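In what follows, a single structure is set out as structure tokens and then discussed.
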Amino acid sequence: MPSQIPSPKSGAPNPAPQSPPMEYRRFGKTEAMISVITLGGMRYAQGWNPPRHHLPKASIANCIGVTRRAFDAGINHIETAFGYMKSEHLYGVALKELGVPRNRYRMMTKGNPKNRDETLRLVEAQLKALRLDYLDFYGWHGINNRELLETAVKRGGPVETLYRLREQGVIRHIGFSTHGPLDVILSAIDTDLFHFVNLHYYFFFQKNLPAVERAGQKDMGVFIISPNEKGGLLWKPSEKVRRLSHPLTAMQYNGRFCLSHPQITTLSMGFHEPEHFAPALAILNGGNYFSPQDRQVDERMRAPLQTIPGFCTYCNDCLPCPEDINIPEILRFRNLLLGYDMKDYGRFRYNMLEGKGHWFPGHFASACTQCGDCLPKCPEKLDIPRLLMETHRTLFDRRAYIQRKIRSTGAKILKTVKDCFSSDKR
Ligand code: SF4
Ligand code: SF4
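When the letters of the sequence shown are read in order and numbered with the numbering used here, they come out as residues 87 to 512.
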């Protein structure tokens, strides 16, 4: 186990005595020992406001405070991405300010350049923003479909270029992150080009278990994206989830569920306030996943799955839908609604549809034309169009949808005006 990060020069307090000791796991074939909790860097104050290099004092203070607290807790792995707007720049400032020796933490960043030249330019810009001369882990960000997989791994393309940078010592290990379907993740793993994978896998989303297992067989590091938010909005669980997981918190239960898989190395958590640490650190349990007590909770947590009427097994046999409806994902929200009263989570995720491109593809269930194509393909004989519409009526947030449309129309108008002015100048 690596030694604790030394106290930063600003003299921050040591971990609260009740904080369990951090645990470290080998990040697959990278051989790096990293903390089982990663500091995810996408949520700092005003961090998404462009331009990326303009750093308000509040953002810097937020990043420094949180990074210091993370180091104090024994976290030695930081994750960011070019796509997280100011995040790399904020870490560049914060890490210099904290004066932490470079060999006491590992830095992961990500990007999705489409060709060789873009890759070289992007990595150079990222190193400059982070004020580092090498990156421990570089992930191709968002292998979310076959087209993106091909773009990433084509001959002479981005991943090959990352390997050239690796030979020069600029990047130590290459991986990918994905929000894509299981078959695409497995294909990416099977290229044998990657040392680690960042993916979704939680108690409430176990569809990617074969990818976790395949990655383990290939000795890749496995990094879990957003277990507390995408994993179920676990900081504000439904009353039913709170009751079922007692005496653990929902976050503790899910964190331990994930860490009970030996293939999984680390869980990324987007801390951005000091009070986020205590409940997250409480998942640690001296490496004992699951204890007898945790197993009792596990049994209680699984019980509702047996009682959901019209349970969708997420087998995917009904796909593709001609209207591009992600049937299993929408019926997953329905399962969670009926089994666990997870309405907040369902609304949060469902209303992301049609707004995130390949990061969360598919149309709302209201696009169903009742063509019936899916019905004979479902081994559970589910009345899919009816279940979809019921779910839509419960989860769709009309006001949020209208606001989003207004925002995107406003952005398009603004862009058109800007284009007009710039063409005037020409
Ligand atoms: S019935 Fe609806 S969900 Fe099923 S395939 Fe047709 S459009 Fe898609
Ligand atoms: S075929 Fe049926 S059980 Fe399988 S994912 Fe589709 S709706 Fe769910």
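We put the CB at the ideal spot given by N, CA and C, even for glycine. Please read all numbers here as calculations on a predicted model, not as lab measurements.
Review point. Short check: CB of C460 to CB of P471, under 9 Å?
Key: Within the sequence shown, numbered from 1, the residue matching residue 460 stands at position 374. Within the sequence shown, numbered from 1, the residue matching residue 471 stands at position 385. In contact: C460 and P471 (Cβ atoms closer than 9 Å).
Exercise for review: Inspect the CB distances between the stretch 142-158 and the stretch 168-178 and report whether three or more fall short of 8 Å.
Suggested key: yes
Check your understanding: Can you list, in chain order, the residues of its chain whose CB lies under 7 Å from that of R433, leaving out five sequence neighbours each side?
Key -> By 1-based counting over the sequence shown, the position of residue 433 is 347. Excluding positions up to five away in sequence, the list reads L481 and D483.
Check your understanding: Rounded to whole angstroms, how far is the Cβ of T264 from the Cβ of I229, which I believe are closer than 8 Å?
Key -> Taking the first residue of the sequence shown as position 1, residue 264 is located at position 178. Taking the first residue of the sequence shown as position 1, residue 229 is located at position 143. Indeed, because the Cβ distance is near 5 Å, the residues count as touching under 8 Å.
Review point. Within 10 angstroms of its Cβ, does Y249 collect 16 or more other Cβ (buried), or is it exposed?
Key: For the purposes of this step, residue 249 is taken as residue 163 along the sequence shown, with counting starting at 1. Label assigned to Y249: exposed.
Practice item. Following the continuous alpha helix (DSSP H) through L251, name the residue where it begins and the one where it ends. Key: On the sequence shown, position 165 is the one that residue 251 refers to. Per DSSP, L251 belongs to the alpha helix (DSSP H) from P244 to E253.
Check your understanding: Alpha carbon to alpha carbon, what distance is there between L370 and G185?
Key -> As a first step, residue 185 must be located in the sequence shown, where it is residue number 99. As a first step, residue 370 must be located in the sequence shown, where it is residue number 284. The alpha-carbon atoms of G185 and L370 are separated by roughly 27 Å.
Exercise for review: Compute the minimum distance between the beta carbon of R409 and the heavy atoms of ligand 2, and state whether it is under 8 Å.
Suggested key: Residue numbering aside, residue 409 sits at position 323 when the sequence shown is read from its first letter. It should be pointed out that residue 409 corresponds to Glu in this sequence rather than to Arg. Within the chosen limit of 8 Å, ligand 2 does not reach the beta carbon of E409 with any heavy atom.
Check your understanding: From S324 to V383, what distance separates their C-alpha atoms?
Key -> For this step, residue 324 is matched to residue 238 along the sequence shown. For this step, residue 383 is matched to residue 297 along the sequence shown. The alpha-carbon atoms of S324 and V383 are separated by roughly 16 Å.
**Study point:** Below 6 Å from a heavy atom of ligand 2 - residues by beta-carbon
**Key:** C398, T399, Y400, C401, N402, D403, C404, I413, P414, L417, K463, C464, E466, L468 and I470
Point to revise | D430 - containing beta strand (DSSP E), residue span | key: Locating residue 430 in the sequence shown gives position 344, where the first residue counts as 1. Element bounds for D430: not the beta strand (DSSP E) but the alpha helix (DSSP H), K429 to Y436.
**Study point:** Start and end residues, beta strand (DSSP E) containing E440
**Key:** Along the sequence shown, one-based indexing puts residue 440 at 354. Membership of E440 in any beta strand (DSSP E) is not indicated, and neither H nor E is assigned to it by DSSP.
Review point. Given a threshold of 16 other Cβ atoms within 10 Å of its Cβ, counted over all protein chains shown, does E253 qualify as buried or as exposed?
Key: Here residue 253 refers to the residue found at position 167 of the sequence shown. With fewer than 16 other Cβ atoms within 10 Å, it is exposed.
Point to revise | Three-state secondary structure assigned by DSSP to G302 | key: Counted from its first residue, the sequence shown places residue 302 at position 216. Helix, per DSSP.
Review point. For ligand 1, any of its heavy atoms closer than 8 Å to the Cβ of T477?
Key: Residue numbering aside, residue 477 sits at position 391 when the sequence shown is read from its first letter. Outside the cutoff, so no.
Exercise for review: Assess, as a yes-or-no matter, whether the stretch 218-229 is touched by the stretch 269-284 under the definition of 3 or more beta carbon pairs within less than 8 Å.
Suggested key: yes
Exercise for review: Could you name the residues of the same chain whose beta carbon sits closer than 8 Å to that of P106, not counting the 5 residues immediately before and after it, in chain order?
Suggested key: Taking the first residue of the sequence shown as position 1, residue 106 is located at position 20. Taken in chain order, the residues that qualify are L367, A368, L370, N371 and G372.
Check your understanding: Roughly how far, in whole angstroms, is the beta-carbon of P360 from the beta-carbon of W321, given that I think they are within contact range, below 8 Å?
Key -> Residue numbering aside, residue 360 sits at position 274 when the sequence shown is read from its first letter. Residue numbering aside, residue 321 sits at position 235 when the sequence shown is read from its first letter. Wrong, their Cβ atoms sit about 14 Å apart, outside the cutoff.
Exercise for review: With DSSP as the reference, label G178 as helix, strand or coil.
Suggested key: Taking the first residue of the sequence shown as 1, we reach residue 178 at position 92. Here G178 sits in helix by DSSP.
Check your understanding: Cα separation between R217 and M475?
Key -> Within the sequence shown, the letter at position 131 stands for residue 217. Within the sequence shown, the letter at position 389 stands for residue 475. Cα to Cα, the separation comes out at about 50 Å.
Exercise for review: Keeping to the same chain, check which residues put their C-beta closer than 8 Å to that of V283; ignore five residues upstream and five downstream.
Suggested key: Locating residue 283 in the sequence shown gives position 197, where the first residue counts as 1. Once the five neighbours on either side are set aside, the close Cβ partners of V283 are G261, F262, S263, T264, I271, A274, I275, A297, A301, M306, G307, V308 and F309.
Point to revise | From N437, H449, C454 and P462, residue whose alpha carbon lies closest to that of Q489 | key: The residue you call residue 489 lines up with position 403 of the sequence shown. Out of N437, H449, C454 and P462, the CA that lies nearest to the CA of Q489 is found in N437.
Review point. Whose CA, out of G317, Q303 and Y130, lies closest to the CA of H286?
Key: Here residue 286 corresponds to residue number 200 of the sequence shown, with the count starting at 1. Distance check between H286 and each of G317, Q303 and Y130 places G317 closest, using alpha-carbon atoms only.
Review point. Relative to the alpha-carbon of I311, which residue among R329, Y487, A336 and F291 has its alpha-carbon at the smallest distance?
Key: Position 225 of the sequence shown holds residue 311. Among R329, Y487, A336 and F291, the Cα nearest to that of I311 belongs to F291.
Practice item. Look at the alpha carbon of P462 and the alpha carbon of G425, and state the distance between them as a whole number of angstroms. Key: As a first step, residue 462 must be located in the sequence shown, where it is residue number 376. As a first step, residue 425 must be located in the sequence shown, where it is residue number 339. Computed Cα separation, rounded: 25 Å.
Review point. Could you give the residue range of the beta strand (DSSP E) that holds Y110?
Key: The sequence position of residue 110 within the sequence shown is 24, counting from 1. Y110 to R112 is the span of the beta strand (DSSP E), which, as asked, contains Y110.
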